[in-house]
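**Student:** Those protein sequence lines, which keep their order, are chains H, W and E.
For what it's worth, my numbering labels the leading residue of the first sequence as 1, then goes sequentially.
For what it's worth, my numbering labels the leading residue of the second sequence as 305, then goes sequentially.
For what it's worth, my numbering labels the leading residue of the third sequence as 639, then goes sequentially.
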Amino acid sequence: MSSSALNKKFDRIRAQEEAGLLKTSTGNRALRKMMSNRLAMVGLIIFSIILLSSIFAPLLTSHDPQKIDLRSMLNSPSWDHIFGTDRTGRDVFARILYGGRVSILVGLGSALLSAVIGVGIGCYTGYRGGWIDVVALRVSEIFMSFPQIILVLLLVSIVGQSLINLIIIFVLSGWGSMYRLSRARMLSLREEEYVQALQSFGVSTVKICYKHILPNALGPIMVNVTLTTAMFILAEAGLSFLGLGVPLSIPTWGNILNVAQDLRVLQNNWWMWLPVGLVISLFVLSVNFIGDGLRDSTDSTLQG
Amino acid sequence: MTDEIALSVENLKTFFYTNKRCNKAVNGVSFNIKKGKTLCVVGESGCGKSVTASTIMQLLPTLSRIEEGSVTYHSDRGDIRIDELPRDGSEMRRIRGSEISMIFQDPMTALNPVYTIGFQIAESLQYHTDLNSSEIKARVIELLTDMGIPLPEQRAEEYPHNFSGGMRQRAMIAMAMSCNPKILIADEPTTALDVTIQAQIFGLMDKLKSEHHTAIMLITHDMGVVAELADEVAVMYMGNIVEAGTVDDVLRRPRHPYTRALLDSIPVLGRGRNQDIKSIRGATPDPYDRPVGCQFAPRCDFASDACKQMPSEDFVNDTHRVSCWAHKEIAQNG
Amino acid sequence: MLTFILRRLLITIPMLLVISFLIYLGLELTPGDAVSYMINPELANQITAEQLDQMREALGLNKSFLERYSIWLFHVLQGDFGHSLSGGVAISTIVLDRLPATLELSIFALLFSTLIGCFFGTISALRRGSATDSTLTVVGMLGVSIPEFFFGLVALLVFALNLGWLPVGGRLLPEYDSYWDHLPNIILPGVVLSLMMTAGVMRYSRSAMLDSLSREFIRTARSKGLPEWRINLIHGFRVALTPVVVLIGFRLPTLIGGSVIIETVFQWPGVGNEFILAVRGSDYPLVMMIALFSVFAMLMASLIVDILTALIDPRVRLG
Numbered sequence: 001m002s003s004s005a006l007n008k009k010f011d012r013i014r015a016q017e018e019a020g021l022l023k024t025s026t027g028n029r030a031l032r033k034m035m036s037n038r039l040a041m042v043g044l045i046i047f048s049i050i051l052l053s054s055i056f057a058p059l060l061t062s063h064d065p066q067k068i069d070l071r072s073m074l075n076s077p078s079w080d081h082i083f084g085t086d087r088t089g090r091d092v093f094a095r096i097l098y099g100g101r102v103s104i105l106v107g108l109g110s111a112l113l114s115a116v117i118g119v120g121i122g123c124y125t126g127y128r129g130g131w132i133d134v135v136a137l138r139v140s141e142i143f144m145s146f147p148q149i150i151l152v153l154l155l156v157s158i159v160g161q162s163l164i165n166l167i168i169i170f171v172l173s174g175w176g177s178m179y180r181l182s183r184a185r186m187l188s189l190r191e192e193e194y195v196q197a198l199q200s201f202g203v204s205t206v207k208i209c210y211k212h213i214l215p216n217a218l219g220p221i222m223v224n225v226t227l228t229t230a231m232f233i234l235a236e237a238g239l240s241f242l243g244l245g246v247p248l249s250i251p252t253w254g255n256i257l258n259v260a261q262d263l264r265v266l267q268n269n270w271w272m273w274l275p276v277g278l279v280i281s282l283f284v285l286s287v288n289f290i291g292d293g294l295r296d297s298t299d300s301t302l303q304g
Numbered sequence: 305m306t307d308e309i310a311l312s313v314e315n316l317k318t319f320f321y322t323n324k325r326c327n328k329a330v331n332g333v334s335f336n337i338k339k340g341k342t343l344c345v346v347g348e349s350g351c352g353k354s355v356t357a358s359t360i361m362q363l364l365p366t367l368s369r370i371e372e373g374s375v376t377y378h379s380d381r382g383d384i385r386i387d388e389l390p391r392d393g394s395e396m397r398r399i400r401g402s403e404i405s406m407i408f409q410d411p412m413t414a415l416n417p418v419y420t421i422g423f424q425i426a427e428s429l430q431y432h433t434d435l436n437s438s439e440i441k442a443r444v445i446e447l448l449t450d451m452g453i454p455l456p457e458q459r460a461e462e463y464p465h466n467f468s469g470g471m472r473q474r475a476m477i478a479m480a481m482s483c484n485p486k487i488l489i490a491d492e493p494t495t496a497l498d499v500t501i502q503a504q505i506f507g508l509m510d511k512l513k514s515e516h517h518t519a520i521m522l523i524t525h526d527m528g529v530v531a532e533l534a535d536e537v538a539v540m541y542m543g544n545i546v547e548a549g550t551v552d553d554v555l556r557r558p559r560h561p562y563t564r565a566l567l568d569s570i571p572v573l574g575r576g577r578n579q580d581i582k583s584i585r586g587a588t589p590d591p592y593d594r595p596v597g598c599q600f601a602p603r604c605d606f607a608s609d610a611c612k613q614m615p616s617e618d619f620v621n622d623t624h625r626v627s628c629w630a631h632k633e634i635a636q637n638g
Numbered sequence: 639m640l641t642f643i644l645r646r647l648l649i650t651i652p653m654l655l656v657i658s659f660l661i662y663l664g665l666e667l668t669p670g671d672a673v674s675y676m677i678n679p680e681l682a683n684q685i686t687a688e689q690l691d692q693m694r695e696a697l698g699l700n701k702s703f704l705e706r707y708s709i710w711l712f713h714v715l716q717g718d719f720g721h722s723l724s725g726g727v728a729i730s731t732i733v734l735d736r737l738p739a740t741l742e743l744s745i746f747a748l749l750f751s752t753l754i755g756c757f758f759g760t761i762s763a764l765r766r767g768s769a770t771d772s773t774l775t776v777v778g779m780l781g782v783s784i785p786e787f788f789f790g791l792v793a794l795l796v797f798a799l800n801l802g803w804l805p806v807g808g809r810l811l812p813e814y815d816s817y818w819d820h821l822p823n824i825i826l827p828g829v830v831l832s833l834m835m836t837a838g839v840m841r842y843s844r845s846a847m848l849d850s851l852s853r854e855f856i857r858t859a860r861s862k863g864l865p866e867w868r869i870n871l872i873h874g875f876r877v878a879l880t881p882v883v884v885l886i887g888f889r890l891p892t893l894i895g896g897s898v899i900i901e902t903v904f905q906w907p908g909v910g911n912e913f914i915l916a917v918r919g920s921d922y923p924l925v926m927m928i929a930l931f932s933v934f935a936m937l938m939a940s941l942i943v944d945i946l947t948a949l950i951d952p953r954v955r956l957g
């Protein structure tokens, strides 16, 4: 801001202050910050729209995503087929909607499962310490020393492709960071005085760990869940694009993109891959907006 | 012989505009800093003493400004109105570091952790003098020796975290004095240090006064430091100077209730366990929710209705001034 | 400094051992016997069945699991990774052949993302709250949200297929005379690969810069009368560099992983591309060994980053 504009702003604030018009605001800080974080709100809206569209897919389209119609192959968008049709005449729009269900399930589901496992282990071993902590730490380090995609593909090549397999593999590759995060929080929180008080009252370890300490660590964990969701959605998209993720028989966003490996499709049939890619990008963007908003509102060190 | 005045501050008002509120951090403050003398500005946290120092150096944050008043630096080139200079203009930057310097409370955070001490001292010399690199190097070692740091050649190549607290502060003082400034502003320089180290730093500052005739403005909340070092004292409360004068005037014959309360609240070595220490009742008001008139009235034993009006400044003698409606009464009670 | 490196190596080596053990376990679990692929197929065709059996014996076919593992490990440490199931080429040859291509891409992406990311992140921090800052922030958000391969497809379509500014794919094409001719080929996959990293570095360097600029030593620098650029760059940015370097080290695996997909999209003949082919073809030895190799690469890379951090930040050298 230029200095003269700044000066005018100051003059205005001073006048208001001297007139007694300004008062300190009250109310839930976190909620207020969240509300004022417009990006997070936008993110939430976009997220909800896409999520709900996928869940209520049958209401939004009458087409069956698996139905092959060899008479209308490679049709460009029209009123009947909003996003056109693919090589075997399947409606692309329907595939995107139904595909969303699987992609979101894989992404969100894997993230939540990773969180449950990672946090569960991290909290307990972090609190207890000792050899169990060291073992868990080393195990997590082993998982985390593989580049994620290589670990996933390694496991896929061993156990084969299926939806369940993919989720399990994702969780195996992702629990490590959740574990580290919650362990770190646990290590710093267990030195707090209220924990010592609880211990002296004879409260059981499990109870102290999960009922008393965990709620205080929830902020960064929630933020991390959103980031992990974004990561898994992108990972699934990439793997399915290569044909190595969810089996091609189940439509997912990444699967739909599989056809774009063919350069002719890339150039001539834009509707088959561009909308899907945009949907993925929008969804992940919204998740990131939400994550940022959560981070801003739960970080108590940021000044209001 | 009257002392030469290095810096005069006249009715200075500095307001902060963070969080869309207006905080009158400094609300009408006047004093002079004299060459070869130490002015101690003393008060509790939040009274505006650090802000005053920042204002003189024009080191204020973006969301603040000098509202009214003047800060005049009496340099060799003539009188310079610091409040009228652009904040980061070349004139101000020339003054900073070479003519007016500042040292800060915590030398660990005030020094850059990734550069050697020698590098950081050399920077000032690089920008304010015409010395070449070998001359600068020699001067750095000379400065470190002057400040009492042993093995200066080795120390100059070390990092802040290699130094002890007292030595870090000495290094900071060396940095500040590198260009022989006329004025040194010290913002609570010994608060983060041991008492024994404090004494050493005080000795160092006395040396600066006698050898270089530096004018020193020392900010502190510790009355003991005032007793040790000050030639003149200004007591601040909530953005105003409530009492000012020579150290004799203010410490021996305090007239403002706040000054007296401050002095009463210090335990005295030797008086034993049962000495009477009075804490000042109440708490400093919220800067956004100030009392009308005299800021100290709600906590004052001598308050009256007159205090709803801001007291004017009265001169008790040539050097001693106080802002309190009841100061004569207090003087009589002793 | 030397002790620092030695200590880090001491931690890394057991890790590699454990992982090599797991990899070997994977080899044992997958179809096919665990030792045959260690024998050169060309050689296998030339010798008698008896001699073949003898070789298998020597490799530990009928011995205990641990003995087989030790023999295998011994071979690996000597550089013998066994042979690919499709074509019988020595895996070490395959990896070494493909390595330069992947290194080109990775180093390009690393340099690009570090320079561009730091530059824009710093600008964002210095112009905090301005339109530039907001724009860059949104661009950064987009960068971490768009799937890299999708961005690659779009870039491929626009810049290569439609505009023809850059080649469509491949690396050392037959029509290239000298090594330098293929540099334009690096640009598209390199920039695409660095997308997520650049966005990450941009966001992170912005916050690291803001944090650095709010510290006390900035005030000290200003009180010395130094010019703004020096305060921002020499003092502010220099201190912000440490967390940024740590972040880059942290995110290196995404670079290595990302190259797997990007190489496939752009037909870039690197190790990642080879890995995908191996997975698709169920070429287990190749899959395992590339995985092992990638872990090794990652651990080495993070060691280098740690050394770099210690060089940049004198405080780290103590611990």
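C-beta: ideal position from N, C-alpha, C; glycine also.
None of these values were measured; they are calculated from a predicted model.
CB-CB under 7 Å to ALA939 of chain E, same chain, minus the five flanking residues each way: which ones, in chain order?
**Tutor:** Answer for ALA939 of chain E: LEU890, listed in chain order.
**Student:** Per DSSP, which one or two residues make a beta bridge with PHE320 of chain W?
**Tutor:** PHE320 of chain W pairs with W:ASN327, W:SER368.
**Student:** Using a Cβ cut-off of 7 Å, which residues of the region 319-338 of chain W contact any Cβ in chain H, in chain order?
**Tutor:** Against chain H - using a Cβ distance shorter than 7 Å - the residues of the region 319-338 of chain W are PHE319, TYR321, LYS324, ARG325, CYS326.
**Student:** Distance cutoff 9 Å, beta carbons only. Does PRO77 of chain H sit that close to anything in chain E?
**Tutor:** Not an interface residue.
**Student:** Three or more C-beta pairs under 8 Å: does that hold for the region 785-793 of chain E against the region 49-56 of chain H?
**Tutor:** At 8 Å Cβ cutoff, the stretches do not touch.
**Student:** In the structure shown, what three-state DSSP assignment does ARG603 of chain W receive?
**Tutor:** Reduced to three states, the DSSP call for ARG603 of chain W is helix.
**Student:** Between the alpha carbons of ALA655 of chain E and ILE142 of chain H, how many angstroms are there, rounded?
**Tutor:** With the sequence shown as reference, residue 655 of chain E is identified as Leu, and Ala is not the correct amino acid for it. LEU655 of chain E and ILE142 of chain H: Cα-Cα distance of roughly 11 Å.
**Student:** Would you verify that the beta carbon of ARG38 of chain H is, or is not, closer than 9 Å to some beta carbon of chain A?
**Tutor:** Any reference to chain A falls outside this structure, whose protein chains are H, W and E.
**Student:** Name the DSSP bridge partner or partners of PHE335 of chain W?
**Tutor:** Per DSSP, W:VAL313.
**Student:** Kindly provide the ranges of any alpha helix (DSSP H) runs that are 4 or more residues long and lie completely inside the region 764-797 of chain E, ordered along the chain.
**Tutor:** Within the region 764-797 of chain E, the complete alpha helix (DSSP H) runs of at least 4 residues are 769-783, 786-793.
**Student:** Quick one: grab the DSSP three-state call for GLY633 of chain W.
**Tutor:** Residue identity differs from the one stated: residue 633 of chain W is Glu in this sequence, not Gly. Helix.
**Student:** Would you mind sorting GLY304 of chain H into buried or exposed? The rule is 16 or more other CB atoms within 10 Å of its CB.
**Tutor:** Because GLY304 of chain H sits at a pLDDT of 35, beneath the cut-off of 50, its placement in the model cannot be relied upon, and the following sentence gives the value as read from the coordinates. The residue is exposed, with fewer than 16 neighbouring Cβ atoms inside 10 Å.
**Student:** DSSP three-state label for ILE545 of chain W, please.
**Tutor:** Looking at ILE545 of chain W - three-state DSSP - the assignment turns out to be strand.
**Student:** Quick one: grab the DSSP three-state call for TYR463 of chain W.
**Tutor:** Note: TYR463 of chain W maps to coil in three-state DSSP.
**Student:** Tell me, which residues are paired with CYS344 of chain W by DSSP?
**Tutor:** CYS344 of chain W pairs with W:LEU522, W:VAL537.
**Student:** Among residues of its own chain, excluding the 5 on either side of ARG180 of chain H, which ones have a beta-carbon nearer than 6 Å to its beta-carbon?
**Tutor:** None.
**Student:** Taking the alpha carbon of LEU105 of chain H as the point to measure from, which residue in H:ILE233, H:VAL203, H:ALA94, H:ASP296 has its own alpha carbon closest?
**Tutor:** When each option's Cα is compared against that of LEU105 of chain H, the closest is H:ILE233.
**Student:** For LEU239 of chain H, which of H:LEU227, H:TRP253, H:THR228, H:THR229 has the nearest alpha-carbon?
**Tutor:** Of the candidates H:LEU227, H:TRP253, H:THR228, H:THR229, the one whose C-alpha sits nearest the C-alpha of LEU239 of chain H is H:TRP253.
**Student:** Flag GLU141 of chain H as yes if its beta-carbon sits less than 9 Å from any beta-carbon of chain W, otherwise no.
**Tutor:** No, GLU141 of chain H lies away from the interface with chain W (no Cβ there is under 9 Å from its Cβ).
**Student:** With 9 Å set as the bound, which would you pick, yes or no: does the beta-carbon of LYS8 of chain H sit closer than that to a beta-carbon of chain W?
**Tutor:** Answer no: the Cβ-Cβ gap between LYS8 of chain H and chain W never drops below 9 Å.
**Student:** Taking one C-beta from the region 853-869 of chain E and one from the region 400-416 of chain W each time, how about it: are there three or more such pairs within less than 8 Å?
**Tutor:** Output reads yes: the region 400-416 of chain W touches the region 853-869 of chain E.
**Student:** Rounded to the nearest angstrom, what separates SER297 of chain H and VAL223 of chain H at their Cα positions?
**Tutor:** Distance between the alpha carbons of SER297 of chain H and VAL223 of chain H: 10 Å.
**Student:** Name, in chain order, the residues that DSSP records as bridge partners for HIS378 of chain W.
**Tutor:** Partner(s): W:ASP383.
**Student:** Using a Cβ cut-off of 8 Å, pull out every chain E residue sitting near ALA260 of chain H, in sequence order please.
**Tutor:** Within chain E, the residues near ALA260 of chain H are LEU791.
**Student:** Flag PRO493 of chain W as yes if its beta-carbon sits less than 9 Å from any beta-carbon of chain E, otherwise no.
**Tutor:** So no, PRO493 of chain W is outside the interface.
**Student:** Hey, could you find the ends of the alpha helix (DSSP H) SER569 of chain W is sitting in?
**Tutor:** Run containing SER569 of chain W: none; DSSP gives neither H nor E here.
**Student:** In three-state terms, what does DSSP make of ALA846 of chain E?
**Tutor:** In the structure shown, ALA846 of chain E sits in a helix (DSSP, three-state: H, G or I).
**Student:** Counting Cβ pairs closer than 8 Å, one from the region 110-128 of chain H and one from the region 175-189 of chain H, do we hit at least three?
**Tutor:** Result yes; three or more Cβ-Cβ pairs closer than 8 Å.
**Student:** Give a yes or no on whether 9 Å exceeds the smallest Cβ distance from TYR463 of chain W to chain E.
**Tutor:** So yes, TYR463 of chain W belongs to the interface.
**Student:** If you reduce the DSSP assignment to three classes, tell me which class VAL596 of chain W lands in.
**Tutor:** Looking at VAL596 of chain W - three-state DSSP - the assignment turns out to be coil, as it is neither helix nor strand.
**Student:** Within 10 Å of its beta-carbon, does GLN458 of chain W have 16 or more other beta-carbons around it, so buried, or fewer, so exposed?
**Tutor:** So GLN458 of chain W counts as exposed.
**Student:** Can you say whether SER627 of chain W is buried or exposed, counting buried as having 16 or more other CB atoms within 10 angstroms of its CB?
**Tutor:** Answer is buried; the Cβ neighbour count reaches 16.
**Student:** Go through its chain and collect everything with a Cβ distance to ILE309 of chain W's Cβ below 8 Å, but skip five positions before and after it.
**Tutor:** Once the five neighbours on either side are set aside, the close Cβ partners of ILE309 of chain W are ASN336, ILE337, LYS338, LYS339, HIS378.
**Student:** If you measure beta-carbon to beta-carbon, which residues of the region 689-704 of chain E are closer than 7 Å to chain H?
**Tutor:** Answer in chain order: no residues at all.
**Student:** Are the CB atoms of ASN544 of chain W and ASN331 of chain W within a distance shorter than 9 Å?
**Tutor:** Yes, the Cβ-Cβ distance between ASN331 of chain W and ASN544 of chain W is below 9 Å.
**Student:** If you run the structure through DSSP and keep just helix, strand and coil, what is ALA587 of chain W?
**Tutor:** In the structure shown, ALA587 of chain W sits in coil (DSSP, three-state: anything other than H, G, I, E or B).
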